[in-house]
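To keep things clear, I will list the structure first and then write my remarks on it.
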Amino acid sequence: MRNPLSKKVQAIEPSGIRKFFDIVSEMQDAISLGVGEPDFETPWHIREEGIYSLEQGKTFYTSNAGLKPLKEEICTYLKRRFDVSYDPNTEVMVTIGGSEAIDIGLRAMIDPGDEVLIPQPSYVSYLPCVTLTGGVPVVIELKEENQFRLTKEQLEAHITDKTKVLVLPFPNNPTGAIMERKDLEEIRDVIIEHDLYVISDEIYAELTYTGGHVTIASLPGMKERTLLINGFSKAYAMTGWRLGYVCAPQVILSQMLKIHQYAIMCAPTTSQYAAVEALKHGDDDVEMMREAYNQRRRYLVNAFREMGIPCFEPLGAFYIFPNISKFGMTSDEFATRLLQEQKVAIVPGTAFGACGEGFLRVSYAYSIDALKEALDRIKLFIDSLNP
Numbered sequence: 036m037r038n039p040l041s042k043k044v045q046a047i048e049p050s051g052i053r054k055f056f057d058i059v060s061e062m063q064d065a066i067s068l069g070v071g072e073p074d075f076e077t078p079w080h081i082r083e084e085g086i087y088s089l090e091q092g093k094t095f096y097t098s099n100a101g102l103k104p105l106k107e108e109i110c111t112y113l114k115r116r117f118d119v120s121y122d123p124n125t126e127v128m129v130t131i132g133g134s135e136a137i138d139i140g141l142r143a144m145i146d147p148g149d150e151v152l153i154p155q156p157s158y159v160s161y162l163p164c165v166t167l168t169g170g171v172p173v174v175i176e177l178k179e180e181n182q183f184r185l186t187k188e189q190l191e192a193h194i195t196d197k198t199k200v201l202v203l204p205f206p207n208n209p210t211g212a213i214m215e216r217k218d219l220e221e222i223r224d225v226i227i228e229h230d231l232y233v234i235s236d237e238i239y240a241e242l243t244y245t246g247g248h249v250t251i252a253s254l255p256g257m258k259e260r261t262l263l264i265n266g267f268s269k270a271y272a273m274t275g276w277r278l279g280y281v282c283a284p285q286v287i288l289s290q291m292l293k294i295h296q297y298a299i300m301c302a303p304t305t306s307q308y309a310a311v312e313a314l315k316h317g318d319d320d321v322e323m324m325r326e327a328y329n330q331r332r333r334y335l336v337n338a339f340r341e342m343g344i345p346c347f348e349p350l351g352a353f354y355i356f357p358n359i360s361k362f363g364m365t366s367d368e369f370a371t372r373l374l375q376e377q378k379v380a381i382v383p384g385t386a387f388g389a390c391g392e393g394f395l396r397v398s399y400a401y402s403i404d405a406l407k408e409a410l411d412r413i414k415l416f417i418d419s420l421n422p
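If you want this note's numbering, it's the 1-based position in the sequence shown plus 35.
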């Protein structure tokens, strides 16, 4: 029989995160610190609005780009929180999570052979999404000594005459790194000089712990070059609602909308009504969860350092990225042994790119009690490795 599979798809590696999830799901008494998902339930007033929309029979398709009240609230929120303005009628689209926005943004912009710059370590979907477009992913290896931030010099060194798009994944999954205004201003000049476009994945924008998030779209000359991607999963604990959005120049968004129309139709109606409530009245919920994450962040970083494991201070998202290279094991070997010997699941840094070797991603989207139990087990494992 003829091979029914696409060679392009076959060449893509499965997500390195799933391996450990699958094992831990069948292991009794195991603790996972691997999931990038809030441990909070969606706040009740948000759930209630979704329920109310169902009770009212609001179960039909919305417009392809999303409910107008939701698009308007998105624009109000972005102006209020990050000082960037968009037209809800022409520059905003509601998507199935931020992941769909990344996918269709790349498909709308990339022709075969175009190069896309991807700083790594970073979220697992960027590289395969570029590959599926026929584009060429070009990895920029972020350095711990730079606090895993993208520098002007690194960016310039990877630009060629085929470079079209830069993915900007900050606050970063898996490192917890952020880009401050001064960092963004430095790379902004390079982006404009080389006529590049930016896909800015800001799904963790509300989870920053010093000074607040700055979007590159708010800098002079950048809104017309930027796809600003965000959503409701992390800030509002709405992962299962599958809702995100993208704000972009009309010339790009109109082409993204065509792909969305044919592949998706529209985002879930119930989720959209709930999201309106989240944006209108969810600030206190976000603040409560951010404070809880911040407490856990400080606790976890200090605990790893006390165990003699170097860990730079992450200032965003809900992950730490400790360096375990001194133990002479690969990240995968360390994570596998920890799971087998102490039943604690964490994700090898290499799941987020080859330059993640020597690191682990540890999520603190868990209760303090769960973190304490996991750390006790990790310390037992570390003690067994030390002579």
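For every residue, glycine included, the Cβ atom is placed at its ideal position computed from N, Cα and C.
(1) Hey, would you say V171 sits closer than 9 Å to D149, going by beta carbons?
(2) Nearest to S289 by alpha carbon, out of A143, K315 and G133?
(3) Contact check, G384 vs E392 under 8 Å by CB: the rounded distance?
(4) Where does F369 sit, in a helix, a strand or coil, going by DSSP?
(5) Look up L263 in the DSSP assignment and say whether it is helix, strand or coil.
(6) Any beta carbon of chain C sitting closer than 9 Å to that of G266?
(7) Taking 9 Å as the threshold (C-beta atoms), are A309 and M273 in contact?
(8) Hey, would you say L162 sits closer than 9 Å to T250, going by beta carbons?
(9) Could you check where the alpha helix (DSSP H) with L167 kicks off and where it finishes?
(10) By the three-class DSSP mapping on this structure, what secondary structure does I331 have?
(11) Is it true that the stretch 397-414 meets the stretch 79-98, where meeting means three or more beta-carbon pairs spaced less than 8 Å apart?
(12) What do you get for K106, buried or exposed, if any count of 16 or more other CB atoms within 10 angstroms of its CB means buried?
(13) When the Cα atoms are used, what is the spatial distance from E83 to T304?
(14) Output needed for E408: all residues of its chain with C-beta closer than 8 Å, excluding positions within five of it in sequence on either side, in chain order.
(15) Would DSSP call C282 helix, strand or coil?
(16) The alpha helix (DSSP H) that contains A413, what's its start and end?
(17) Identify whether K199 lies in helix, strand or coil by the three-state DSSP scheme.
(18) Tell me which same chain residues have a C-beta within less than 7 Å of the C-beta of R331, skipping the five on either side of it?
(19) How close, in whole Å, do the beta carbons of A313 and P206 come, if the pair is a contact with beta carbons under 8 Å?
(20) State the Cα-Cα distance for the pair L350 and I213, rounded to the nearest angstrom.
(21) How many angstroms separate the CA atom of Q63 from the CA atom of R260?
(22) Taking G140 as the reference, which of Y121, P156, C164 and N124 has the closest Cα?
(23) Taking the alpha carbon of F362 as the point to measure from, which residue in S419, K315, E348 and R412 has its own alpha carbon closest?
(24) Between which two residues does the beta strand (DSSP E) holding R218 run?
(25) Whose C-beta lies closer than 6 Å to the C-beta of R216 among residues of the same chain, with five residues either side of it excluded?
(26) Going along the chain, which residues of its own chain have a beta-carbon closer than 7 Å to the beta-carbon of Y121, five neighbours each way excluded?
(27) So, under 8 Å CB-CB, I458 and L201 are touching, yes? Tell me the CB distance rounded to an integer number of Å.
(28) Quick check: the Cα distance between D196 and L262, rounded to an integer number of angstroms?
(29) Would you list the residues sitting across from P383 in a DSSP beta bridge?
(30) Could you check the C-alpha separation between G169 and F387 for me, to the nearest Å?
(31) Along the chain, where does the alpha helix (DSSP H) that runs through I153 open and close?
(32) What does the alpha-carbon distance come out to for the pair K258 and P284?
Result, derived from the coordinates:
(1) Yes, these two residues count as a Cβ contact at 9 Å.
(2) Per the C-alpha coordinates, the member of A143, K315 and G133 positioned closest to S289 is A143.
(3) The Cβ separation is near 6 Å, so the contact holds.
(4) The DSSP-derived three-state label of F369 is helix.
(5) The answer is strand: DSSP assigns L263 an E or B state.
(6) No chain C appears in this structure, which consists of one protein chain only.
(7) Cβ atoms of M273 and A309: closer than 9 Å.
(8) Result no, Cβ atoms of L162 and T250 do not sit closer than 9 Å.
(9) It spans Y161 to T168 - the alpha helix (DSSP H) in which L167 sits, taken as one unbroken run.
(10) According to the sequence provided, residue 331 is Arg. The question's Ile does not apply to it. Note: R331 maps to helix in three-state DSSP.
(11) Between the stretch 397-414 and the stretch 79-98 there are fewer than three C-beta pairs closer than 8 Å, too few to call the two in contact.
(12) By the neighbour-count rule (16 or more Cβ atoms within 10 Å), K106 is buried.
(13) The alpha-carbon atoms of E83 and T304 are separated by roughly 14 Å.
(14) Closer than 8 Å at the Cβ level, and outside the excluded window around E408, lie I66.
(15) Assignment of C282 by DSSP, reduced to helix, strand and coil, places it in the strand class.
(16) In the sequence on display, residue 413 carries Ile and not Ala. Element bounds for I413: I403 to L420.
(17) It is a strand residue.
(18) Once the five neighbours on either side are set aside, the close Cβ partners of R331 are Y399, I403 and L406.
(19) Contact flag wrong, Cβ pair sits at about 19 Å.
(20) Each residue's alpha carbon lies about 6 Å from the other.
(21) Spanning the alpha carbons of Q63 and R260 requires a straight line of approximately 49 Å.
(22) Comparing Cα-Cα distances from G140 to each of Y121, P156, C164 and N124, the minimum goes to C164.
(23) That would be S419, whose Cα lies nearest to the Cα of F362.
(24) The displayed chain sequence assigns Asp, not Arg, to residue 218. No beta strand (DSSP E) holds D218; the alpha helix (DSSP H) holding it covers R216 to E228.
(25) So the qualifying residues of the chain are V249.
(26) Here the set comprises C110, L113, V127 and C282.
(27) The chain is shown only over 36 to 422; residue 458 falls outside these bounds and no answer can be derived.
(28) Computed Cα separation, rounded: 21 Å.
(29) For P383, which the question treats as bridged, DSSP gives the partners L395.
(30) Between G169 and F387, the alpha-carbon positions lie close to 21 Å from each other.
(31) Note, I153: premise wrong, no alpha helix (DSSP H); beta strand (DSSP E) at E150 to Q155.
(32) Spanning the alpha carbons of K258 and P284 requires a straight line of approximately 7 Å.
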